[in-house]
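In mature numbering (1 follows the signal peptide of the UniProt record, and there is no 0), the protein residues as written are -22 to -1, 1 to 111. Note that the Cβ used here is the ideal one computed from N, Cα and C, for glycine as well. Only one structure is covered here, and it is reproduced in the block below.
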């Protein structure tokens, strides 16, 4: 605080009776970093159970998030575990009521509403109605 007063005094001497614009920057106290209480998954080189993770416990050797393709930092199994495209992204009449297939990108099975992973057109095509989610 004493050094701040000294700086302001020096500025007032330099500027005389004229108004002298000044900026005062207050530095916040250093933030403490907290570590998660969970142990890091030993499969850090894999995207198994890590797809689109938002927070890292420790820095893995590869990533499984939205930007890993952009920065060329994806785990080698990112496509296999996180980019499921089998079955397409919409229901067809043939897919309505299908048995759940975990390899599909979205589902048209009878339990997809409960699980929250239906294809976007499931309600209109398979249920014949347009219900808000």
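For residue 105, there is no enclosing alpha helix (DSSP H), as DSSP gives it neither H nor E.
Secondary structure at residue 101: helix, using DSSP grouped into helix, strand and coil. Using a C-beta cut-off of 8 Å, the segment 64 to 72 makes contact with the segment 86 to 104, since at least three inter-stretch Cβ pairs fall below that distance. When the Cα atoms are used, residue 79 and residue 104 turn out to be separated by approximately 17 Å.
In the three-state DSSP reduction, residue 58 falls in the helix class (H, G or I). Going by DSSP, residue 92 is part of the alpha helix (DSSP H) stretching over 90 to 93.
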